[in-house]
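All remarks here apply to the structure that follows.
There are 2 protein chains.
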Amino acid sequence: MEKVNACWHMLRTMTERKSDRTRAAILAAARERFGGDGYERATIRAIAADAAIDPAMVIRYFGTKEKLFAAAAEFDLRLPALSPGPGAGEALVRHFLVRWEDDDTLKALLRSAVTNPQAADRMRELFATQLAPALARLAVDDPATRAGLVATQALGFALCRYILELPPVAALSHDAAVAALAPAINHYLTEPLTASE
Amino acid sequence: MEKVNACWHMLRTMTERKSDRTRAAILAAARERFGGDGYERATIRAIAADAAIDPAMVIRYFGTKEKLFAAAAEFDLRLPALSPGPGAGEALVRHFLVRWEDDDTLKALLRSAVTNPQAADRMRELFATQLAPALARLAVDDPATRAGLVATQALGFALCRYILELPPVAALSHDAAVAALAPAINHYLTEPLTASE
DNA sequence: AGTAAAAGTCAACAAGCGTTGACAAGGGAG
DNA sequence: CTCCCTTGTCAACGCTTGTTGACTTTTACT
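Residue numbers (the working numbering), protein chains in the order written: chain A, 3 to 199; chain B, 3 to 199.
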């Protein structure tokens, strides 16, 4: 009997510890606060209150506010495999729309990157390791510049829609946003980069 | 003789007082700090140090940090008169480039608007009272939406170039930026808003 | 049972912030 | 010279922040 219990304990130890739930609760609260308020306005005390625990626990689990942010800002863009052609723009825009809206992490990253150098590093890293490589196959030439141009449009749209909430941009339906943005994205991926006329 | 002196004094009182210089120094330092650090990170103490005065003076001149920001974030886009046509995009992009680079106010506004609701209000107001009206003449229809789309591209480019400093975007020359962006701006102003194919 | 580690609580700290009020120069006006 | 208004200085306040260490409770195992 003791052996069975011991075995079960080991299994539990390796798979699901009591603390993992609070760890996850802290991370969820942190993403929400960082996403809503930005790095400096999001206080450890508020995050702890959202997770219904003591502020000291946040430090015990993550060591520091900076490390907590680093853990909360881990993000995978999950870009689908894209094939060159006029459908790429639409697929990209649609993917970004749902990725922004079902996960607070991107909002946390953007809101923080504007004032926090560490978060800005994270953003540049995300661009260099996830967006740029995925777009490299789609660009007819100069993939780094074209990825940069796509980033300006993607981040600018997110900024105006989710952060600044400019009324005409926030009001767009997904379909309207795709119809308006996809051609511009395709343009950045394929049209000549120097003035043609 | 007394009358002459009194008159000169009154004139001086109305045109140039001793305090106006420090007022201007505070405003310049405030714009630089707000632009470099954002609203919450920019401290009154740091602004005062930059202006080489006592922190208490900042409060005496502007009353409150919020009011100081409101004064420092006063901004005129100075959009030129634009005529419809394919030249509008290039003129717009070029104007924005110089307006961003010779004045810290826009950086202060953007860096602060992402985390400060009051600054976000300012940004929406700037969009509604300056950008949207100026673009209304250029749009073939639905001017509010088209102005919103132009704003996403303009702010996104500024965000990536001046705030996040994504290498490929920060490296672009003015001419390269105009060549890349102007067609997209023209597209947003004139192309049909719903999918055409 | 008893025990040791894990998980959680509490009060406090040092530092930084915006803001205030009391007070000291400075320089024209009578 | 004397007065007064402007301009500037100084020290302190109350508050919030991230972070710490000592303590108690819970949990899991022999």
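Each residue gets a CB set at the ideal place from its N, CA and C atoms; glycine is no exception. These numbers were taken from a predicted model, which means no experiment stands behind them.
Outcome for residue i when other beta-carbon atoms lying within 10 angstroms are tallied against a minimum of 16
i, result
"Glu76 (chain A)", "exposed"
"Lys109 (chain A)", "buried"
"Phe163 (chain B)", "The sequence given here has Arg at residue 163 (chain B), not Phe. Buried."
"Gly150 (chain A)", "buried"
"Pro1 (chain B)", "The structure shown does not extend to residue 1 (chain B), since chain B spans only 3 to 199, so no value can be given for it."
"Arg33 (chain A)", "buried"
"Pro185 (chain A)", "buried"
"Thr66 (chain A)", "exposed"
"Ala182 (chain A)", "buried"
"Gly89 (chain B)", "exposed"
"Ala50 (chain A)", "buried"
"Val100 (chain B)", "exposed"
"Thr45 (chain B)", "exposed"
"Thr131 (chain A)", "exposed"
"Thr196 (chain B)", "exposed"
"Ala26 (chain B)", "exposed"
"Asp39 (chain B)", "buried"
"Asp143 (chain B)", "exposed"
"Ala138 (chain A)", "exposed"
Inter-residue Cα distance where the pair is residue i and residue j
i, j, result
"Phe36 (chain B)", "Arg113 (chain B)", "7 Å"
"Pro169 (chain B)", "Ala156 (chain A)", "16 Å"
"Arg124 (chain B)", "Ser175 (chain A)", "25 Å"
"Val152 (chain B)", "Tyr190 (chain B)", "6 Å"
"Thr147 (chain A)", "Gly91 (chain A)", "16 Å"
"Pro86 (chain B)", "Val180 (chain B)", "17 Å"
"Ala121 (chain A)", "Leu111 (chain A)", "6 Å"
"Arg80 (chain A)", "Asp106 (chain A)", "15 Å"
"Thr117 (chain A)", "Asp104 (chain A)", "24 Å"
"Arg43 (chain B)", "Tyr41 (chain A)", "10 Å"
"Leu166 (chain B)", "Phe159 (chain B)", "10 Å"
"Leu140 (chain A)", "Asn188 (chain A)", "9 Å"
"Ala72 (chain B)", "Ala115 (chain B)", "12 Å"
"Glu68 (chain B)", "Ile28 (chain A)", "32 Å"
"Leu70 (chain A)", "Arg23 (chain A)", "16 Å"
"Trp102 (chain A)", "Arg62 (chain B)", "44 Å"
Test: residue i CB closer than 8 Å to a CB of chain B
i, result
"Ile46 (chain A)", "no"
"Asp56 (chain A)", "no"
"Leu111 (chain A)", "no"
"Thr192 (chain A)", "no"
"Arg96 (chain A)", "no"
Where the alpha helix (DSSP H) containing residue i begins and where it ends
i, result
"Leu79 (chain B)", "Where Leu79 (chain B) is concerned, there is no enclosing alpha helix (DSSP H), given that its DSSP letter is neither H nor E."
"Gln120 (chain A)", "119-128"
"Pro185 (chain A)", "176-192"
"Ser116 (chain B)", "This sequence places Val at residue 116 (chain B); Ser is not what is there. Note, Val116 (chain B): premise wrong, no alpha helix (DSSP H); not H, not E."
"Thr131 (chain A)", "Careful: Thr131 (chain A) lies outside any alpha helix (DSSP H) and carries neither H nor E."
"Asp39 (chain B)", "20-39"
"Ala53 (chain B)", "It is not in any alpha helix (DSSP H) - Ala53 (chain B) carries neither H nor E in the DSSP assignment."
"Pro88 (chain A)", "Element bounds for Pro88 (chain A): n/a, residue is neither H nor E."
"Gly158 (chain B)", "145-160"
"Val171 (chain B)", "169-172"
Proximity test, Cβ basis, 8 Å: residue i and chain A
i, result
"Phe159 (chain B)", "yes"
"Gln132 (chain B)", "no"
"Glu103 (chain B)", "no"
"Gly150 (chain B)", "yes"
"Asp39 (chain B)", "yes"
"Ala32 (chain B)", "no"
"Ala153 (chain B)", "yes"
Interface residues of chain B facing residue i [CB-CB closer than 7 Å]
i, result
"Ala115 (chain A)", "Leu166"
"Glu68 (chain A)", "Neighbours of Glu68 (chain A) on chain B: none; closest Cβ ~14 Å, over 7 Å."
"Met125 (chain A)", "Leu166"
Contacts that residue i makes with chain A (C-beta to C-beta distance below 9 Å)
i, result
"Gln120 (chain B)", "Those do not exist, as Gln120 (chain B) stays about 13 Å from chain A at its closest Cβ, beyond 9 Å."
"Thr107 (chain B)", "None at all; the shortest Cβ gap to chain A is about 16 Å."
Neighbouring residues, chain B, relative to residue i (Cβ below 8 Å)
i, result
"His189 (chain A)", "Pro185, Ala186, His189"
"Ala146 (chain A)", "Pro169, Pro170"
"Thr24 (chain A)", "Residues of chain B passing the Cβ test: none, with the nearest at roughly 27 Å."
"Arg43 (chain A)", "Glu42, Thr117"
Interface residues of chain A facing residue i [CB-CB closer than 7 Å]
i, result
"Phe129 (chain B)", "Leu168"
Contact list for residue i against chain B, beta-carbon separation under 9 Å
i, result
"Thr196 (chain A)", "Asp177, Ala178, Ala181, Ala182"
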